[in-house]
Structure formats: C-alpha cells, structure tokens
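*Asks:* Please read through the structure below; I'll follow up with questions.
There are 2 protein chains.
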Amino acid sequence: MKTASPATPRQDLSAQIAEAIRDAIVEGRMITGERLPSEAELAEQFGVSRSTVREALKRLAAQSLIRTQRGAFGGAFVNRLSYEGAYSQQITTSTLLLSMNAVSFETACEARYTLERACAPLAARRRTDEYLATMRAEIARQSQPDLSDEAFCASDVTLHRAFVDAAGNPVLSYQLAGAVEAMQPLMNMITFTARSRGEIVGLHTALADALEAQDAAAADTALHRLEAYTLTLGRDVMASRSRHGK
Amino acid sequence: MKTASPATPRQDLSAQIAEAIRDAIVEGRMITGERLPSEAELAEQFGVSRSTVREALKRLAAQSLIRTQRGAFGGAFVNRLSYEGAYSQQITTSTLLLSMNAVSFETACEARYTLERACAPLAARRRTDEYLATMRAEIARQSQPDLSDEAFCASDVTLHRAFVDAAGNPVLSYQLAGAVEAMQPLMNMITFTARSRGEIVGLHTALADALEAQDAAAADTALHRLEAYTLTLGRDVMASRSRHGK
DNA sequence: GCCCTTATGAATGTCAGACAATTAAAGGTC
DNA sequence: GACCTTTAATTGTCTGACATTCATAAGGGC
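Protein chains in written order, with the numbering used here: chain A, 1 to 246; chain B, 247 to 492.
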C-alpha cells in the first residue's frame, strides 16, 4: 500500500510513521484516550514490518504523546499530556540545554529571574495562604544550619515554585518550571556559607513578605536583589573553577 | 549479565536502557559529539537483543539527545542540543499542551503576554537596529490588506519573536518560543477584520516605537493593551464556537 | 444463583537471524 | 596525484518466533 512519497526518503521509515501519527494527534484526528490500531494493524496500514512500527511508537512514547498498555485490550493510547508530563519534559530539555555548557551562568540566571519577576504582579494579586505557607515553611527549613547544600538548593527550588504557582496560571508554572529547575544543577555547584545562606533567607523572607502584603513592586525588588546576589555567588564558583583548571 | 535490578521491572527494558544512556549523557559521562557503541555492542553490554537497544535509541533520538548516521564509522552520536533543537521541542510540547484543550484561551493569553512583558526591560535596553528593522518590516507586511489570515498570524509570530530576541538572552528566547508559537494555532482560529488588523498594527507600531525610544514602560503598556485586545478577539471566537455547537 | 478458579485470546515485549542500504576508508589503476 | 573500486562496518528493515501480561469468558464448587 506504501504510497511511495515522491521524494522524501530523507528520514527513516520509523520517523516518517511517527510523524504521520503525531500529525494525526496534533490535528485532532485522534483524540485523547483513543486507542491506536494494534502494532500489527499499523504495520499493515503503513506497509512496513512490526519492528518499524514499534520504533515509531517508541519515539512517540518518548515525547509522552502516547502510552502503551500490555495485555488484552491493551495497546497504544493517545496521552492527555498532563501538566506534569509537560513539566518534566520542559525540565529535561532545559536542563540539557544548560548542562551542555552552551549557556553561561549569567545568561541562565538573567533568564530565570526575568521570568520569575514576570510572575510577581500576578502572584501578588492572587497569592493564597497555601502558597504563602509553603514559602514560609521552606524559609524555616533553609534557616536550619545543619542543612546540606543539596537540601538547601532543593528547598530553594520548592520555594520559588511556590512563588510561581501563586500566580495561579498553570501555563506560566509550566514555562517557569524549566527555568527554575534547570538552574538547580548549576546552583548545586555552589557551596553556601553561613553568611550567604543568611543573605538568601533574608531575601526570601522579603519576597514572602511582599507577597503577603500583595506588594508587587516589593516582590520585584526582592527578586532583583536575589538575582544580583546569586550572580555574585555563581561568578565566584566559575572563577575558582577556571582557576583550578576545568 | 543482566544485573537483575531488585524491584524495578516497572518499565520496559528499552525504557530502562534509554534512561541509562540519558543519564550518562546528562551527567557528562558522554560528551557532545561522542559516538556511542554500536547497536550490537550495546546489546551485548546490556544483555539484550539489538531490537531492544534500537527502541531505546529511538526514544533518545525523539528527544534529539542523539543523532544516528548510517554506514561505516557511522553510529549514534551525542547531540549538542542546539538552541534550534531545544526551540522546536519546546514548541512541540507547548503546542500539544494547549491544543489538547486543557488550557483556556484566557490562561494561555495571560501567560504569553506576562512572559513577553518580562522581556520588555531587557529588549528596550539592548534592542539593535536589526531587530527593529525586522519588526518594522513585519508591521509593513501586516498593513497589506490582501494578506491572508494565516499569513497575518505568521507575521505576528515573527514580529513577537523579534521583540523577544531583542532582549539578547537566548535562554529567554528559548523559553518564550513555546509561549509565542504555541498560541498560533489558537490565533489562527480568529478571522481578522480590517478594523481588528488596524488596531493590532497600531499596537505593534507602538511597541516598535517604544523599543526604538528604549522606553520599557511604553513597551509594557503596548503589550498590556495588546493582551487585552487579543483577549476580546479570542473570546468572540470561543463564544461563537460554543454557540454553533461542538 | 454466587463466588472462586481456570482457560483463552489478543496484545505488547523480547529475542534471533537474515538481508538491504549506506558510507568512510583502504587499496588499486592510470 | 587524481580517480575509481573494493571492503568492511554500521544502521535500517524484514520475518518469524516465543514470553509476558491482562481483561474477559468459561467452568466448577457450594
């Protein structure tokens, strides 16, 4: 049946088939939850072997466009692409992009805080007690002197995500997830002294206070100062790294 | 050799292998441009068949973590994850998220313009003649009355991406690419009247003027008004859609 | 009739082996 | 040295088989 596309043998068959199915999903010809034909049927439809179809399906699964289920009445189903799924993909891509050293600490830092500041007006307007409580709790945790650097960073991420979520826009949260989480590996390289922790906790407190008072300008200021301070910390690490060779 | 992980048979072998290789790449044990062992070698190393390895590799290829080359001295190579690659993945994920109707037009619109406004201060400070010229050119195109709605939307995207790129931060551009491009399918549903086009072109001109004058506040205002206007247009479409069934 | 156990069949997951297609490099010819 | 041919390595594809999973149907005990 192979329709023999005239001059498109540039890609693998599996890539072409993956693309065809992806288009069907994106264009709404297949709806969420719908079951794809079985691998054997797809193989026949596209005029290829089952292995080729399977490779195509694995490509789609890697983008979490479909999920597969074994057993009777199993098969491949169109995924809903939940926010969580989108988040994790977003984070994976962003982390990759940064970890491949194509991006300087300065650039990543600037992007992250610029985006975060964008949330400030919405967060100040919409913040609920729930998110405020999360931020306060993380600030308390960050004040414990026996906290490891990794745990401090993780808490930092949690706090900032609470701030972003307080803006009450899931698409914004999704976009920011990448920016905030992807910075963590870079932040993890920083050894936090007691003094720098104190400084950061102070700025976090200012941020939480601003949100509580629904003062967007104050939140903006706190984030500006946090960016500046993070930048100096990061620069120190980068400088000492390049001094000690690689 | 199968190390028989104690209690992790939750995933397919191909997914496990993909994850193992992905970790190796992310953690820097494999560097950009490096060649992976051949499929046959990987199959032996992991104690699985070649098909299983291939499925794992397809998963990684779908995330553009690797690229494959046929022939002698071919194989799978660790990809650099260029900005373009990251862009397109970002766009795919964002588009999917929006197109699956899990997101309202209002939410998407708010997120998009909130993020774009975040770029205003940087863009106003750093804008070069190049990006200004691109914006002016797109405004001129949008003023042509015989332009199709699709072309109008595409030009809109180009203009807004020029604005974002003017901020001079590639990470920011990458993050925004998703927000801006993913809106296009939603915008494409809008039929632009001559009046609405005029309104939009006027706001675009105000945005370009603000950038030229390096006036961040004016750019912010223009984007606010653009958001408000886009929202009314979108609401009209949604309303008429729900009236006419479906 | 009701519940528990046991087939059954359809589907994915995995394997093994084969061949085709591609490609860079080595070797040969002039 | 330039050009052509061979070669070997590697991915791409196909075929057929078996293992595994799992909802449903069938059967048996009470």
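Positions of the beta carbon are idealized from the N, C-alpha and C atoms, including for glycine. Computed from a predicted model, the values in this text were never measured in an experiment.
Would a C-beta distance cut-off of 8 Å place V403 (chain B) and I436 (chain B) closer than the cut-off?
*Replies:* no
*Asks:* Report back the beta-carbon spacing between M30 (chain A) and V78 (chain A) to the nearest angstrom; my notes put them in contact at under 8 Å.
*Replies:* 5 Å
*Asks:* Is there a C-beta anywhere in chain A that falls below 8 Å from the one on S260 (chain B)?
*Replies:* yes
*Asks:* Spell out whether any CB of chain A is found under 8 Å from the CB atom of A380 (chain B).
*Replies:* Correcting the residue type first, residue 380 (chain B) is Thr in the shown sequence and not Ala. No - not a single Cβ of chain A is within 8 Å of the one on T380 (chain B).
*Asks:* Express the C-alpha separation of R70 (chain A) and P416 (chain B) in angstroms, rounding to a whole number.
*Replies:* 42 Å
*Asks:* In this structure, does DSSP put Q16 (chain A) in helix, strand or coil?
*Replies:* helix
*Asks:* If we define contact as Cβ-Cβ less than 8 Å, is G93 (chain A) a contact residue for chain B?
*Replies:* It is worth fixing the name first, because residue 93 (chain A) is Thr in this sequence and not Gly. Under the Cβ distance rule, T93 (chain A) counts among the residues neighbouring chain B, one pair being separated by less than 8 Å.
*Asks:* By how many angstroms is the C-alpha of T193 (chain A) removed from the C-alpha of L226 (chain A)?
*Replies:* 16 Å
*Asks:* Under 8 Å, with one C-beta from each stretch per pair, do the region 337-350 of chain B and the region 419-434 of chain B reach the 3-pair mark?
*Replies:* Three or more Cβ pairs closer than 8 Å define a contact, and the region 337-350 of chain B meets that threshold against the region 419-434 of chain B.
*Asks:* Tell me, to the nearest whole angstrom, how far the beta carbon of R22 (chain A) is from that of E39 (chain A); I am working on the premise that it is less than 8 Å.
*Replies:* Between E39 (chain A) and R22 (chain A) the Cβ distance is about 17 Å, and since that is not below 8 Å, they are no contact.
*Asks:* Exposed or buried, which one is T339 (chain B) when buried takes at least 16 other CB atoms within 10 Å?
*Replies:* buried
*Asks:* When burial is assigned at 16 or more other CB atoms within 10 Å of the CB, is A133 (chain A) buried or exposed?
*Replies:* exposed
*Asks:* Ordered along the chain, which non-local residues of its own chain (more than five positions away) have a Cβ less than 7 Å from that of D165 (chain A)?
*Replies:* The beta carbon of D165 (chain A) is closer than 7 Å to those of Y131, S173 in its chain, skipping five residues each way along the sequence.
*Asks:* Can you look up Q214 (chain A) in the DSSP assignment and give me helix, strand or coil?
*Replies:* coil
*Asks:* Less than 8 Å separating the beta-carbons of L115 (chain A) and I139 (chain A)?
*Replies:* no
*Asks:* When the Cα atoms are used, what is the spatial distance from G279 (chain B) to R326 (chain B)?
*Replies:* Each residue's Cα considered, the two are about 7 Å apart.
*Asks:* Rounded to whole angstroms, what's the CA-CA distance from P121 (chain A) to D466 (chain B)? Just pull it up for me.
*Replies:* 13 Å
*Asks:* Taking DSSP as the reference, what is the three-state secondary structure of T191 (chain A)?
*Replies:* Of the three classes helix, strand and coil, the one that applies to T191 (chain A) here is coil, per DSSP.
*Asks:* Quick check: the Cα distance between G28 (chain A) and P145 (chain A), rounded to an integer number of angstroms?
*Replies:* 53 Å
*Asks:* Mind pulling the chain B residues with CB within less than 8 Å of V103 (chain A)?
*Replies:* By Cβ distance, chain B contributes P416, V417.
*Asks:* Measure from the C-beta of V53 (chain A) to each C-beta in chain B and report whether the shortest distance is under 8 Å.
*Replies:* no
*Asks:* Exposed or buried, R407 (chain B), counting other C-beta atoms within 10 Å across all chains shown (16 or more means buried)?
*Replies:* buried
*Asks:* So which residues on chain A does G424 (chain B) lean against when the C-beta distance must stay under 7 Å?
*Replies:* Q175
*Asks:* What number of angstroms, rounded off, separates the C-alpha of S14 (chain A) from the C-alpha of A43 (chain A)?
*Replies:* 11 Å
*Asks:* Of the residues that make up the region 465-476 of chain B, which ones have a beta carbon closer than 7 Å to any beta carbon in chain A?
*Replies:* none
*Asks:* Could you confirm whether any beta carbon from chain B is found closer than 8 Å to the beta carbon of Q89 (chain A)?
*Replies:* Yes, contact with chain B.
*Asks:* Fully enclosed by the region 22-92 of chain A, which alpha helix (DSSP H) runs are 4 residues long or longer?
*Replies:* Those alpha helix (DSSP H) runs which fall completely within the region 22-92 of chain A and span 4+ residues are 39-46, 50-62.
*Asks:* Would you check if the distance between the CB atom of S389 (chain B) and the CB atom of V447 (chain B) is smaller than 8 Å?
*Replies:* yes
*Asks:* As a quick exercise: from B:S295, B:R371, B:P283, B:A423, pick the residue whose alpha carbon is nearest that of Q90 (chain A).
*Replies:* B:A423
*Asks:* Would R10 (chain A) be called buried (16 or more neighbouring beta carbons within 10 Å of its own) or exposed?
*Replies:* exposed
*Asks:* Closest to T271 (chain B) by CA distance: which of B:I312, B:K304, B:F292, B:A302 is it?
*Replies:* For the record, residue 271 (chain B) in the displayed sequence is Ile; it is not Thr. Selected option, being the one with the closest Cα: B:I312.
*Asks:* Rounded C-beta distance between A124 (chain A) and A210 (chain A)? I'm assuming under 8 Å.
*Replies:* 7 Å
*Asks:* May I have the straight-line CA-CA distance separating A20 (chain A) from R363 (chain B), to the nearest angstrom?
*Replies:* Pairing A20 (chain A) with R363 (chain B), the inter-Cα distance amounts to about 36 Å.
*Asks:* From T128 (chain A) to L57 (chain A), what does the alpha carbon distance come to, in whole angstroms?
*Replies:* 42 Å
*Asks:* Please classify S196 (chain A): does DSSP put it in a helix, a strand, or coil?
*Replies:* helix
*Asks:* For Q460 (chain B), I'd like the list of residues in its chain whose CB is within less than 6 Å of its CB, leaving aside the five on either flank, ordered along the chain.
*Replies:* Non-local beta-carbon contacts of Q460 (chain B) in its own chain, meaning distances under 6 Å to residues more than five positions away in sequence, involve A370 in chain order.
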